[in-house]
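Comments concern the structure below.
Numbering (our numbering), first residue to last: 3 to 270.
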């Protein structure tokens, strides 16, 4: 009886979670302009309309620049922090790591407003660079969490053996450490890219006159006639996000397999 109740709860949970995502492509291919049942017919016009919207292209370019920059910066910072947390001991390490991971539990709206106030106090204009800084702040803890697992799964004796054989600390890191943690680095890049591409709150407060794709989509919701185009774009973004998560999970599992460890669960 308990098992049946748990199974029912799981089914209801999945329905509530994924029903909106299932409805998204249904209305994206619907020929009607009203987002309601019954569906009118099948069409690809809304996807074709995406090619004739210059503002959308500009917002997409901004989002890609921000997402790529955020992924690179977050992964670099996460690489240094994860290595320090797993390889070295120093006073206050636990508190420092906890402080760095704090953005994981802070409400994004609080982070966004705080960053906006700092920019205003410094007399700086918001824009693409400020969004990159904000996204790097919230994505670095994710990068650290992924890379800490990669460093923890790596045998320390490999680095020690390389140094004993005459390699320098830098050459050991470049030739031994980086190849072994490369699946974690790739997973971190993909996860941070996905988070930055989909993030709305920080981009909304800090975008200025350079909106990102989520901010552009929010603006289009004020125009009912544009909703089918938004649905079409949302369908593409969902497919892209799922594909990136699958690739990231594949590299994570490959890294565990290379280290000879058992997979205990991940993103998928």
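Cβ coordinates follow ideal geometry from the N, Cα and C atoms, glycine included.
- Taking C-beta separations shorter than 6 angstroms and ignoring five residues to either side along the sequence, the partners of residue 140 in its chain run 105, following chain order.
- Ranked by how close their Cα comes to the Cα of residue 188, the residues 73, 53 and 58 have 73 in first place.
- In the DSSP assignment, residue 76 falls within the unbroken alpha helix (DSSP H) covering 56 to 89.
- The secondary-structure analysis by DSSP pairs residue 127 with nothing; it has no beta-bridge partner.
- DSSP, read as helix, strand or coil, puts residue 31 in coil.
- Nearest to residue 49 by alpha-carbon distance, out of 231, 253 and 146, is 231.
- Per the C-alpha coordinates, the member of 190, 70 and 168 positioned closest to residue 131 is 70.
- Separation of residue 99 and residue 146 (C-alpha to C-alpha, rounded to the nearest whole angstrom) is 9 angstroms.
- Counting the other CB atoms within 10 Å of its CB gives residue 137 a total of 16 or more, which places it among the buried residues.
- For the pair residue 65 and residue 204, the Cα-to-Cα distance works out to about 13 angstroms.
- In this structure, residue 26 places its C-beta atom within 9 angstroms of the C-beta atom of residue 233.
- Sorting 247, 167, 181 and 179 by C-alpha distance to the C-alpha of residue 193 places 247 at the top.
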